[in-house]
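**Q** Residue numbers (this note's numbering): 11 to 360.
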C-alpha cells in the first residue's frame, strides 16, 4: 500500500481515538452523527494543543450543532446543478465534483452538508452525466475539478477524468481544487505529477490557512507540482481564532510565496450551517488587507472576497482608499490616501 494511502487508512474518525490531551470536552455524538470527522496522522502531528489554530480546523466542537444563523447550502449550489455534482454558476465555467472524500474534514467546509457522507454520491454515472453536460453545453471553457478532494482519487481514475475533459473541444483550462498539498502532502508523488503535466494548461488551487501548515513536507509537495509546470494558487479562508490577525496572514502569505504558491483569494467565511463560530466581520478582513497592501509584496497580496449567498458569485471586498472627487478647471482630481495614510491626488483630466 502506498504511504499516503496507509496514512489515510490510519485516520482518526472518533473523538475517543484522539490523544487524551487533544480531546474536546462534552458529548459530541450528535456532532459526529451529522458532520463526520477525519484527521490523518500527518495533520494530527502538527496540532500542539486544544484551541490552537490547527486543532480548531480539525476537531469537532459542540458549536457546530448550535448554529442557528447559517444555512445548509448558502451558495445554492444544488439549485445551480443542472446534473448531479456539477455546478454551473458562471457563463463559461463549471464546478465539477468528482470525489466525496477529503484527507481531513475541515470543520469550516462550505460543503459541510454532504462531503464525507452518503449525501454526496459520486458514481460512474454522475461523472458521465457531468462530462456529457460539459461537452453538450458548447460554452464551457474552464472546468474546476473539485469535491471532496480530487487528488484522493487513484491515479488511474483521476487520469480518466482529465483525459475525458481534454477531449472536449471547448474546454481550454482545467483547474483542480485540492487541500492535499496541505493536509496530506505525501499524496503528491512523482507518478501523480507525471500524469498531471500531460493535461496542461492545468492549474491547482490549494488551501493553507496558517503558517504552521507550511511544513517541509508541504513545501516539497508544492515543489514537485511547480517543477511539473503547474501554476499553484492558494484560497485561504478567514477564520476566527485561526488566522484573523494581520501578523498571521502576513506570515502565511509570505510563506506561500517562498514555496511557489501564489496567494489568490482570502475568503470571507461562507454562511454555512455549522460554521458560524468561525466567522469574522468584514471590517476585520479589510483591516487585515490594509496591513498587507503596500506593506508586503503585491505578489503576496490575495483578493479579499465574499462568495455571495444565493449563488450571486464572488465579490471583491477591497478596502476603500478613495476620499473625494474634486472638480477643477482642468478636469477631475481624485483624492485618496495611500498605504501609509498619506493624502494623495491624481488628475483624471475629464
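Each residue gets a CB set at the ideal place from its N, CA and C atoms; glycine is no exception.
1) Please state whether DSSP places residue 27 in a helix, a strand or coil.
2) Residue 245: which of 164, 313, 51, 110 sits nearest, CA to CA?
3) Is it the case that the stretch 40-56 contacts the stretch 12-28, given that we only count it when at least three CB pairs across the two stretches are under 8 Å?
4) Do residue 108 and residue 155 come within 8 Å of each other at the CB atom, strictly closer than that value?
5) So, for residue 355: in the same chain, excluding its five sequence neighbours on each side, which residues have a beta-carbon less than 6 Å away from its beta-carbon?
6) Count the other CB atoms, across all protein chains shown, that sit within 10 Å of the CB of residue 349; report buried if there are 16 or more and exposed otherwise.
7) Restricting to runs no shorter than 3 residues, where is the beta strand (DSSP E) found entirely within the stretch 97-164?
8) Within 10 angstroms of its Cβ, does residue 173 collect 16 or more other Cβ (buried), or is it exposed?
9) Taking 8 Å as the cut-off, decide whether the C-beta atoms of residue 261 and residue 221 are in contact.
10) Pick out the complete alpha helix (DSSP H) segments inside the stretch 26-62, 4 residues or longer, and give them in chain order.
11) So residue 96 packs on residue 140, CB below 8 Å; how close in whole Å?
12) Measure the alpha-carbon distance for residue 310 versus residue 228 and round it to whole angstroms.
13) How many Å lie between residue 76 and residue 177 at the Cα?
14) For residue 285, is the classification buried or exposed, using 16 other Cβ atoms within 10 angstroms of its Cβ as the cut-off for buried?
15) For residue 168, does the three-state DSSP call read helix, strand or coil?
16) According to DSSP, what are the bridge partners of residue 298?
17) With H, G and I counted as helix, E and B as strand and the rest as coil, what does DSSP make of residue 232?
18) In this structure, what does DSSP give as the bridge partners for residue 345?
19) Which runs of the alpha helix (DSSP H) at least 4 residues long sit entirely within the stretch 210-271? Give them in chain order.
20) May I have the straight-line CA-CA distance separating residue 317 from residue 275, to the nearest angstrom?
21) What whole-angstrom Cβ distance do residue 186 and residue 162 have, given they're in contact under 8 Å?
22) Which whole-angstrom value describes the C-beta separation of residue 137 and residue 171, a residue pair presumed to lie in contact below a C-beta threshold of 8 Å?
23) Could you tell me if residue 334 is buried or exposed, where buried requires 16 or more neighbouring beta carbons within 10 angstroms of its beta carbon?
**A** Quick answer:
1) helix
2) 313
3) yes
4) yes
5) 343, 345
6) exposed
7) 103-107, 152-156
8) exposed
9) yes
10) 39-44, 51-54
11) 4 Å
12) 18 Å
13) 47 Å
14) buried
15) helix
16) The partner list for residue 298 (beta bridge, DSSP) is empty, contrary to what the question assumes.
17) helix
18) 334, 355
19) 226-237, 256-268
20) 11 Å
21) In fact, because the Cβ distance is near 11 Å, the residues do not count as touching under 8 Å.
22) 7 Å
23) exposed
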